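Note that the UniProt record's numbering has the sequence shown beginning at 1, numbered continuously upward.
Glycine included, C-beta positions come from ideal geometry on N, C-alpha and C.
The structure displayed is predicted, hence computed values, not measured ones.
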Amino acid sequence: MPAADRVQGVQGTSVEDDEDEEGLDDLDVGLGGPPPPPPLPPASRVRRLSSCLRSFFTHLFSNVGLFTLVGGYVLLGALLFEALEGGYEMNQRGSMKEHRDDCLRELWALTDKN
Numbered sequence: 001m002p003a004a005d006r007v008q009g010v011q012g013t014s015v016e017d018d019e020d021e022e023g024l025d026d027l028d029v030g031l032g033g034p035p036p037p038p039p040l041p042p043a044s045r046v047r048r049l050s051s052c053l054r055s056f057f058t059h060l061f062s063n064v065g066l067f068t069l070v071g072g073y074v075l076l077g078a079l080l081f082e083a084l085e086g087g088y089e090m091n092q093r094g095s096m097k098e099h100r101d102d103c104l105r106e107l108w109a110l111t112d113k114n
């Protein structure tokens with residue numbers, strides 16, 4: 001629209017602006033809130049992932065994170081040791097009990113003779 005054809009309204013808007021506002025009435029805005037945000041571009045996803053990883057490693061290497069990491073390492077090691085060596089340990093305990101009982105019987109037999 002040429003500048004000479006525009007008519008200024010009371011508040012400084014032109015007729016052209018009024019026509020644009022009338023077009024907004026046709027939109028159906030009441031469908032449950034604002035539209036969802038557009039998907040993030042790949043660069044923004046990488047930036048967000050980088051930020052999350054930086055936050056994770058910052059927490060991990062803080063005093064609380066290191067304490068938790070060492071505690072988890074100790075517990076995992078204890079459970080793994082029990083799983084791997086538990087059967088052998090029980091066999092050794094049984095064998096030691098048999099040897100101890102044999103030794104006590106022999107000592108008792110020696111004391112009975114005298």
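Residues near residue i by beta carbon distance below 8 Å, same chain, minus five either side
| i | result |
| --- | --- |
| L66 | L60 |
| E21 | Confidence at E21 is low in this model, with a pLDDT of 48, below 50, so the placement of that residue should be treated as unreliable; the coordinate-derived value is given next. So no residue of the chain qualifies. |
Residue i - containing alpha helix (DSSP H), residue span
| i | result |
| --- | --- |
| P42 | P42 to L60 |
| G72 | N63 to K113 |
CA-to-CA distance, residue j to residue i, given in whole angstroms
| i | j | result |
| --- | --- | --- |
| S50 | G71 | 27 Å |
| E98 | L53 | 57 Å |
| L110 | R100 | 15 Å |
| G32 | F57 | 39 Å |
| E85 | L104 | 28 Å |
Chain-order list of residues whose beta-carbon lies under 7 Å from that of residue i (same chain, five-residue window excluded)
| i | result |
| --- | --- |
| L69 | L60 |
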